[in-house]
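Take the sequence shown: its position 116, counted from the start at 1, is 115 in numbering that gives the first Met the number 0, and no numbers get skipped.
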Amino acid sequence: MLRIEHLTKVFPGGVVAVDDLSVIVADGEFLVIIGLSGSGKSTLLRCVNRLVEPTSGKIFLDDVEVTRLSPARLRETRKEIGMIFQQFNLVRRSSVLTNVLTGRLGTVSSWQSAVGRFPLQDYHRAYANLERVGIVEKAYQRADTLSGGQQQRVAIARALMQEPKLMLADEPVASLDPATSHSVMKYLEEINRQDGITVLCNLHFLSLARRYATRVIALKAGRIVFDGLPRDIDRDRFREIYGEEAVEVEIA
Ligand code: ADP
Ligand code: MG
0 MLRIEHLTKV
10 FPGGVVAVDD
20 LSVIVADGEF
30 LVIIGLSGSG
40 KSTLLRCVNR
50 LVEPTSGKIF
60 LDDVEVTRLS
70 PARLRETRKE
80 IGMIFQQFNL
90 VRRSSVLTNV
100 LTGRLGTVSS
110 WQSAVGRFPL
120 QDYHRAYANL
130 ERVGIVEKAY
140 QRADTLSGGQ
150 QQRVAIARAL
160 MQEPKLMLAD
170 EPVASLDPAT
180 SHSVMKYLEE
190 INRQDGITVL
200 CNLHFLSLAR
210 RYATRVIALK
220 AGRIVFDGLP
230 RDIDRDRFRE
240 IYGEEAVEVE
250 IA
């Protein structure tokens, strides 16, 4: 279980990106976070693994208070939290397999010294995870020769190497066309349903939220303005979250 209590992030300069936000996410949920650009979605996600240091508030992953971990303990806890990004963040010139193997390691600096020295069982696991996302035949290709959708699937396979209990996905399909978006989202859905990995996923489009979320929260200026089932976001709710001008585009 993930528990966020009174989380606030104020960036230098005074922007309040997350504003006294509290939420409890149960194990196994597929929580989609929606909201306009700048509403605080990325900051919220990044506070969970402390890529962004919260200004105040507490975050608990099970019984561990993430917000008060020492650097060493934080490295351990981060292994339980996978993350994927809009821009995939693969090492472009490395092979798909190498990219996936690096998921076993905490940091890029530690993998650079370790390349070629992974235990055999890590290779087995890497192939299995590539199989999982349907691209094991690309294992020896350079990452940057793959399409965007394929690269994001590599990123999912890499995150799975950590055997995370929580997966953070920051607009994972924002760079992809609609058909390809589903080819990525369905794997997030699969790891959620089959492996019981809790997913927190920022999405721009409500249509995707409706299709994949078990629960949606909407942010506006760093605060939660909706928390519930995707089907309960009607036209009025939508207008509240996204503003007047967006309504026709999305509902249509
Ligand atoms: P979203 O992901 O919903 O687009 P963000 O979390 O990226 O929103 O941003 C929330 C607010 O915080 C925005 O006003 C943004 O400009 C600001 N912000 C985000 N990151 C930084 C940063 N590193 N420094 C200063 N302001 C930031
Ligand atoms: Mg963002």
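Ideal Cβ positions, reconstructed from N, Cα and C, are used throughout, including at glycine. A quick note: this is a predicted structure, and the numbers were derived from the prediction, not measured.
Around the ligand ADP, the residues whose beta-carbon falls short of 5 Å from at least one of its heavy atoms are F10, V14, A16, S36, G37, S38, G39, K40, S41 and T42, given in chain order. Taking C-beta atoms as the reference points, S93 and A127 fail to come closer than 8 Å. For E4, the pairing in a beta bridge is given by DSSP as K57.
About 6 Å separates the CB atoms of V63 and T76; that is less than 8 Å, so the two are in contact.
In this structure, the beta-carbon distance from D19 to H5 falls below 8 Å.
Per the coordinates, the alpha-carbon of I3 lies some 6 Å from the alpha-carbon of F59. R72: not part of any beta strand (DSSP E); member of the alpha helix (DSSP H) spanning P70 to R77, first to last residue. Distances from the CB of D18 to the heavy atoms of the ligand MG are all 7 Å or more. The straight-line gap separating the alpha-carbon atoms of R236 and A220 is approximately 16 Å.
Relative to the non-hydrogen atoms of the ligand MG, the Cβ of E4 never comes closer than 7 Å to any of them.
Less than 8 Å separates the beta-carbon of T54 from that of T7.
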